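A.B. asks: Sharing a structure, written as structure tokens. Questions coming.
Protein chains: 2
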Amino acid sequence: MNSFTEENYLKSIYHLSVTDDESVSTNSIAAALNTKAASVTDMLKKLADKKLINYAKYQGVSLTDEGRAVAINIVRKHRLWEFFLMEKLHFKWDEVHELAEELEHISSAELIDRLDRFLEYPKYDPHGDPIPDRNGCIKTDELKPISVLPINSRGTIMGVREHAPAFLQYLAKLQLTIGIQVHVADIIDYDQSVILKLNNKNSVTISREVAKNILVTI
Amino acid sequence: MNSFTEENYLKSIYHLSVTDDESVSTNSIAAALNTKAASVTDMLKKLADKKLINYAKYQGVSLTDEGRAVAINIVRKHRLWEFFLMEKLHFKWDEVHELAEELEHISSAELIDRLDRFLEYPKYDPHGDPIPDRNGCIKTDELKPISVLPINSRGTIMGVREHAPAFLQYLAKLQLTIGIQVHVADIIDYDQSVILKLNNKNSVTISREVAKNILVTI
DNA sequence: TGATTTTTTTAGATAAGTCTAAATTTATTA
DNA sequence: TAATAAATTTAGACTTATCTAAAAAAATCA
Ligand SMILES: [Mn+2]
Ligand SMILES: [Mn+2]
Ligand SMILES: [Mn+2]
Ligand SMILES: [Mn+2]
Numbered sequence: 184m185n186s187f188t189e190e191n192y193l194k195s196i197y198h199l200s201v202t203d204d205e206s207v208s209t210n211s212i213a214a215a216l217n218t219k220a221a222s223v224t225d226m227l228k229k230l231a232d233k234k235l236i237n238y239a240k241y242q243g244v245s246l247t248d249e250g251r252a253v254a255i256n257i258v259r260k261h262r263l264w265e266f267f268l269m270e271k272l273h274f275k276w277d278e279v280h281e282l283a284e285e286l287e288h289i290s291s292a293e294l295i296d297r298l299d300r301f302l303e304y305p306k307y308d309p310h311g312d313p314i315p316d317r318n319g320c321i322k323t324d325e326l327k328p329i330s331v332l333p334i335n336s337r338g339t340i341m342g343v344r345e346h347a348p349a350f351l352q353y354l355a356k357l358q359l360t361i362g363i364q365v366h367v368a369d370i371i372d373y374d375q376s377v378i379l380k381l382n383n384k385n386s387v388t389i390s391r392e393v394a395k396n397i398l399v400t401i
Numbered sequence: 184m185n186s187f188t189e190e191n192y193l194k195s196i197y198h199l200s201v202t203d204d205e206s207v208s209t210n211s212i213a214a215a216l217n218t219k220a221a222s223v224t225d226m227l228k229k230l231a232d233k234k235l236i237n238y239a240k241y242q243g244v245s246l247t248d249e250g251r252a253v254a255i256n257i258v259r260k261h262r263l264w265e266f267f268l269m270e271k272l273h274f275k276w277d278e279v280h281e282l283a284e285e286l287e288h289i290s291s292a293e294l295i296d297r298l299d300r301f302l303e304y305p306k307y308d309p310h311g312d313p314i315p316d317r318n319g320c321i322k323t324d325e326l327k328p329i330s331v332l333p334i335n336s337r338g339t340i341m342g343v344r345e346h347a348p349a350f351l352q353y354l355a356k357l358q359l360t361i362g363i364q365v366h367v368a369d370i371i372d373y374d375q376s377v378i379l380k381l382n383n384k385n386s387v388t389i390s391r392e393v394a395k396n397i398l399v400t401i
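So the protein sequences, as listed, match chains A and B.
Reminder that position 47 of the first sequence reads as 230 in my numbering, one-by-one numbering, no gaps.
Reminder that position 31 of the second sequence reads as 214 in my numbering, one-by-one numbering, no gaps.
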């Protein structure tokens, strides 16, 4: 079995490698885990010994197939717990992530499969991220940030790129949550702010920065 | 915050002091936690420093009010998770304890209060043990082992004194589970074996050892 | 009571995970 | 390409929790 710490490293490497694509740097892992580069190097050696990552000094790291399987399983647990917390315990979408950071380390596979069944096999977590199935298969829908939509186009909010509670609370206040249809009414020349019309006729203005972090299907 | 290890020590001391009453010995803690006496001594010093236990060298330990509050909170979490696992995820009563040993360390009080509400404030866990409320109040029903019942008396199974999976599986096979009414049909002179009649007319024979570990109300 | 056994504590090691400071390697840029 | 800057690794130290072996205290009993 892997320790909580090892699991957190593997998960971070996984997330960094899906966004960054290439091999992951020591410093980026340190930043993600809020730790120091020296600590990361120590852990990378250990994970390499366990054949969970490919690591050559100064070269960055990537996950092995086994390491990726471990990481995806933690992501699966994280997202299923998030769904449970929101759906059954009625937490808000900005509250579930922190709690899931603990729950994702509960080890039992039987438990998570039963939770999956109890929740009726949800496909997406409260932030729109896909939940891997028990075989580690994970959907990859093509989502676009609102910032690339042209004036007068429409989209449905399906995810976010940023999970900070403050950001999620802000979106909730604007009623910009998963499943909501938006219509790009205007884009301000000066700073690229986006004016959205919602189905309920409300109109909200968001900065380009915010628009980049909201994902939609067209 | 206390570490998992500290929480496990406090919980063990709590359980040992409710069954044994007086102050708890180093060796009994070591036995309960499957560790060595030397390790226990080290931890006792730390817990005493944190004012969670009363400890004087060679004198055994007892919980302070604060230590007891921490312990009871862990027991609350343990039993609520056990109830969830059985009620919602349909685990068997011999499977839930091990899983709850992990879940009891999830820290959020908000989470456990919401879980409590979701489960509709259960009073007892799957083994008949009372679930402390959020203020740490815990019911203490007077339960008697079947072994003290005279011939021809009746009782309702309300708990067990032994939580080992093998024991619980054995009881389940005999249909001796929580809520079942039993009638003491006979007690064998030779070895004090107890012959029970159930409501469904079935008759089962259990050893005195087993009879001691099944608790009933009359 | 005095000797023996049991219990508990101390001493000293080990392993995991973290840190700071220094050294080394790689990347940048003049 | 040589100097400088940035990234990474190493060295050495610290904390937590654990262990074995030895010492000390308490309990038992002849
Ligand atoms: Mn999350
Ligand atoms: Mn999420
Ligand atoms: Mn239990
Ligand atoms: Mn129980």
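We put the CB at the ideal spot given by N, CA and C, even for glycine.
Remember, it's a predicted structure, so these values are computed and weren't measured experimentally.
Can you give the beta carbon distance from valine 331/B to proline 309/B, rounded, assuming they're within the 8 Å contact cut?
C.D. replies: Stepping through the second sequence from its first residue, residue 331/B is reached at position 148. Stepping through the second sequence from its first residue, residue 309/B is reached at position 126. About 24 Å separates the two Cβ atoms, so there is no contact after all.
A.B. asks: Does any residue of chain B bring its CB to less than 8 Å from the CB of glutamate 285/A?
C.D. replies: As a first step, residue 285/A is located in the first sequence; it is residue number 102 there, counting from the start. For glutamate 285/A, the answer is yes, since a Cβ of chain B falls inside 8 Å of its Cβ.
A.B. asks: Determine which residues of the region 287-308 of chain A have a Cβ less than 9 Å from any Cβ of chain B, and write them out in chain order.
C.D. replies: Residues passing the 9 Å Cβ filter: His288, Ile289, Ser290, Ser291, Glu293, Leu294, Arg297, Leu298, Arg300, Phe301.
A.B. asks: Just to make sure I have the definition right: I need the residues of chain B whose C-beta is within less than 8 Å of the C-beta of lysine 271/A. Which are they?
C.D. replies: Taking the first sequence and counting its residues from 1, one reaches residue 271/A at position 88. Near lysine 271/A (Cβ distances below 8 Å), the residues of chain B are Phe301.
A.B. asks: Can you name the start and end residues of the alpha helix (DSSP H) that arginine 226/B belongs to?
C.D. replies: What you label residue 226/B is simply residue 43 of the second sequence in a count that begins at 1. Per the sequence shown, the amino acid found at residue 226/B is methionine instead of arginine. Residues 220-232.
A.B. asks: Using a Cβ cut-off of 7 Å, pull out every chain B residue sitting near leucine 282/A, in sequence order please.
C.D. replies: Numbered from 1 along the first sequence, position 99 holds the residue referred to as residue 282/A. By Cβ distance, chain B contributes Ser291, Leu294.
A.B. asks: Please find out if some non-hydrogen atom of ligand 1 comes closer than 7 Å to the beta-carbon of histidine 288/A.
C.D. replies: Within the first sequence, numbered from 1, the residue matching residue 288/A stands at position 105. The answer is no for histidine 288/A.
A.B. asks: Runs of 3 residues minimum, wholly inside the region 230-273 of chain A: which ones carry the beta strand (DSSP E) assignment?
C.D. replies: The qualifying runs are 236-238, 244-246.
A.B. asks: Give a yes or no on whether the C-beta atoms belonging to asparagine 191/B and valine 253/B are separated by under 8 Å.
C.D. replies: Taking the second sequence and counting its residues from 1, one reaches residue 191/B at position 8. Taking the second sequence and counting its residues from 1, one reaches residue 253/B at position 70. No, the Cβ-Cβ distance between asparagine 191/B and valine 253/B is not below 8 Å.
A.B. asks: Along the chain, where does the alpha helix (DSSP H) containing aspartate 369/A start, and where does it finish?
C.D. replies: Indexing the first sequence from 1 puts residue 369/A at position 186. Not the alpha helix (DSSP H): aspartate 369/A falls in the beta strand (DSSP E), residues 364-370.
A.B. asks: DSSP has leucine 381/B in a bridge; who is on the other side?
C.D. replies: For the purposes of this step, residue 381/B is identified with residue 198 of the second sequence, where counting begins at 1. Leucine 381/B pairs with Val365/B.
A.B. asks: Would you tell me roughly how many angstroms separate the C-alpha atoms of glutamate 265/B and leucine 193/A, rounded to the nearest one?
C.D. replies: Along the second sequence, read from residue 1 onward, the residue named residue 265/B stands at position 82. Along the first sequence, read from residue 1 onward, the residue named residue 193/A stands at position 10. So the two alpha carbons sit approximately 30 Å from each other.
A.B. asks: For glycine 342/A, is the classification buried or exposed, using 16 other Cβ atoms within 10 angstroms of its Cβ as the cut-off for buried?
C.D. replies: Counting from 1 along the first sequence, the entry for residue 342/A is found at position 159. Glycine 342/A comes out buried.
A.B. asks: To which residues of the same chain is leucine 199/A closer than 8 Å at the C-beta, ignoring the five residues directly before and after it?
C.D. replies: The residue labelled residue 199/A in the question sits at position 16 within the first sequence. Once the five neighbours on either side are set aside, the close Cβ partners of leucine 199/A are Val207, Ser211, Ile212, Ala215.
A.B. asks: By Cβ distance below 8 Å, which residues in the same chain neighbour arginine 391/A in space, the five residues on each side in sequence not counted?
C.D. replies: Your numbering for residue 391/A matches position 208 in the first sequence. Contacts found: Ser330, Asp374, Gln375, Ser376, Val377.
A.B. asks: Let's see if you can read the secondary structure: which residues bound the alpha helix (DSSP H) around serine 200/A?
C.D. replies: Locating residue 200/A in the first sequence gives position 17, where the first residue counts as 1. Serine 200/A -> alpha helix (DSSP H) spans 187-203.
A.B. asks: List the endpoints of the continuous alpha helix (DSSP H) containing serine 211/A.
C.D. replies: Locating residue 211/A in the first sequence gives position 28, counting from the first residue. It spans 209-216 - the alpha helix (DSSP H) in which serine 211/A sits, taken as one unbroken run.
A.B. asks: My output table needs one value for proline 348/A: the three-state DSSP class, helix, strand or coil.
C.D. replies: The residue labelled residue 348/A in the question sits at position 165 within the first sequence. Proline 348/A falls in the helix class under three-state DSSP.
A.B. asks: Could you please give me the residues that DSSP links to arginine 337/A through a beta bridge?
C.D. replies: Start at 1 with the first residue of the first sequence, and residue 337/A comes out as number 154. In DSSP, arginine 337/A forms a bridge with His366/A.
A.B. asks: Spell out a yes or no on whether the region 237-254 of chain B and the region 269-283 of chain B are touching, meaning 3 or more CB-CB pairs, one atom from each, closer than 8 Å.
C.D. replies: Taking 8 Å as the limit for Cβ pairs, the verdict is that the region 269-283 of chain B does not touch the region 237-254 of chain B.
A.B. asks: For arginine 262/B, is the beta carbon positioned less than 7 Å from some heavy atom of ligand 4?
C.D. replies: Within the second sequence, the letter at position 79 stands for residue 262/B. Yes, Cβ of arginine 262/B sits closer than 7 Å to a heavy atom of ligand 4.
A.B. asks: Would you grab the beta carbon distance between asparagine 256/A and glycine 319/A for me? Rounded to a whole angstrom, and I think it's under 8 Å.
C.D. replies: Looking up residue 256/A in the first sequence gives position 73. Looking up residue 319/A in the first sequence gives position 136. About 7 Å; that satisfies the 8 Å criterion.
A.B. asks: Looking at the secondary structure, which residues open and close the alpha helix (DSSP H) in which lysine 302/B lies?
C.D. replies: Locating residue 302/B in the second sequence gives position 119, counting from the first residue. The sequence as given places leucine at residue 302/B; lysine does not occur at that position. Note, leucine 302/B: premise wrong, no alpha helix (DSSP H); not H, not E.
A.B. asks: DSSP has isoleucine 321/A in a bridge; who is on the other side?
C.D. replies: Locating residue 321/A in the first sequence gives position 138, counting from the first residue. Looking at the DSSP assignment, isoleucine 321/A forms no beta bridge with any residue, so it has no partner.
A.B. asks: Using CA coordinates, which residue listed in Ile334/B, Leu282/B, Glu281/B is at the minimum distance from valine 367/B?
C.D. replies: Locating residue 367/B in the second sequence gives position 184, where the first residue counts as 1. With distances taken between Cα atoms, valine 367/B lies closest to Ile334/B.
A.B. asks: Nearest to valine 201/B by alpha carbon, out of Ile363/B, Ser245/B, Phe187/B?
C.D. replies: Taking the first residue of the second sequence as 1, we reach residue 201/B at position 18. Per the Cα distances, Ser245/B.
A.B. asks: Below 7 Å, is the gap between the Cβ of histidine 346/B and the nearest heavy atom of ligand 3?
C.D. replies: For the purposes of this step, residue 346/B is taken as the residue at position 163 of the second sequence. Yes, ligand 3 has a heavy atom inside 7 Å of this Cβ.
A.B. asks: Out of Gln242/A, Asp225/A, Leu326/A, point me to the one whose CA is closest to alanine 188/A's CA.
C.D. replies: Your numbering for residue 188/A matches position 5 in the first sequence. Just to set this straight, residue 188/A is threonine in the shown sequence, not alanine. The residue with the shortest Cα to Cα distance from threonine 188/A is Asp225/A.
A.B. asks: Within its chain, find whatever has a CB closer than 6 Å to the CB of lysine 260/B; leave out the 5 residues flanking it on each side and keep chain order.
C.D. replies: Residue numbering aside, residue 260/B sits at position 77 when the second sequence is read from its first letter. Once the five neighbours on either side are set aside, the close Cβ partners of lysine 260/B are Glu287, Ile295.
A.B. asks: Using CA atoms only, rank isn't needed, just tell me which of Asn385/B, Glu281/B, Ala231/B is closest to isoleucine 363/B.
C.D. replies: Along the second sequence, one-based indexing puts residue 363/B at 180. Checking every option, the nearest Cα to that of isoleucine 363/B belongs to Asn385/B.
A.B. asks: Applying the criterion that 16 or more other CB atoms from any shown protein chain within 10 Å of the CB defines a buried residue, is threonine 323/A buried or exposed?
C.D. replies: Taking the first sequence and counting its residues from 1, the one referred to as residue 323/A is at position 140. With fewer than 16 Cβ atoms within 10 Å of its Cβ, threonine 323/A is classed as exposed.
A.B. asks: So, with DSSP's three-state summary, where would you put isoleucine 389/B?
C.D. replies: For the purposes of this step, residue 389/B is taken as residue 206 along the second sequence, with counting starting at 1. Note: isoleucine 389/B maps to strand in three-state DSSP.
A.B. asks: For ligand 3, is there a heavy atom less than 7 Å away from the beta-carbon of histidine 198/A?
C.D. replies: Within the first sequence, numbered from 1, the residue matching residue 198/A stands at position 15. Histidine 198/A Cβ: outside cutoff for every heavy atom of ligand 3.
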